[in-house]
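One structure below.
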Amino acid sequence: FQVPVFLYAAAHPTGKALETIRRELGYYRPNFMGNQWAGWAQPEILPEKPDEGPTLVSRARGIVMIGARPWIATYNVPIMSTDVSAARRIAQMVSARGGGLP
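Counting with UniProt numbering, you get residues 1 to 102 for the letters of the sequence shown.
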C-alpha cells in the first residue's frame, strides 16, 4: 500500500514511545484557531523519516504506527474548559501512569 510505518515500544529498536513519535510528527501542535489540540493536520511530506515506507503521506491512506507494549485501555473525554492546567490535573488524577486510578 506504500504507507509510512512508524514503530514504537518493543517494536522499535530503541523502544521509542508512541507519544514521542506523535510529538515529532506535530500531532499535539495547536491548530490555526489556537486550540491546544484539535487532531492532526497531516503534512504531505513527513517531518520525520518513517521506519518503513515512503516519506510522502497519502491523505486517503494516512500513516501506520505499530508497537508492542503491555495492554492499556484509554479513553478520550472532552473537558469543557479553556483551563489547560485543570485538564492536566484531571488527567493525572485518573491516569495510573500519573499516580491516579490503577
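All residues carry an ideal CB built from backbone N, CA and C; glycine is no exception.
Pair within 8 Å by beta-carbon distance, residue i and residue j
| i | j | result |
| --- | --- | --- |
| Asp-51 | Val-3 | no |
| Glu-48 | Leu-25 | yes |
| Lys-16 | Tyr-8 | yes |
Where residue i sits in the DSSP three-state scheme
| i | result |
| --- | --- |
| Leu-56 | strand |
| Ile-21 | helix |
| Ala-68 | strand |
Other residues of its chain near residue i: CB distance less than 7 Å, five sequence neighbours each side excluded
| i | result |
| --- | --- |
| Arg-61 | Phe-1 and Val-3 |
Contacts around residue i, its chain only, beta-carbon distance under 6 Å, and the 5 residues preceding and following it disregarded
| i | result |
| --- | --- |
| Val-77 | none |
CA nearest to the CA of residue i, picked from the options
| i | options | result |
| --- | --- | --- |
| Ile-21 | Met-65, Ser-58, Leu-56 and Val-57 | Met-65 |
| Arg-97 | Ile-79, Ile-72, Val-84 and Met-80 | Ile-72 |
| Ala-10 | Thr-55, Arg-69, Tyr-75 and Ala-86 | Arg-69 |
Residue span of the beta strand (DSSP E) that contains residue i, given as start and end
| i | result |
| --- | --- |
| Ala-87 | Premise fails: Ala-87 lies in the alpha helix (DSSP H), 84-94, not in any beta strand (DSSP E). |
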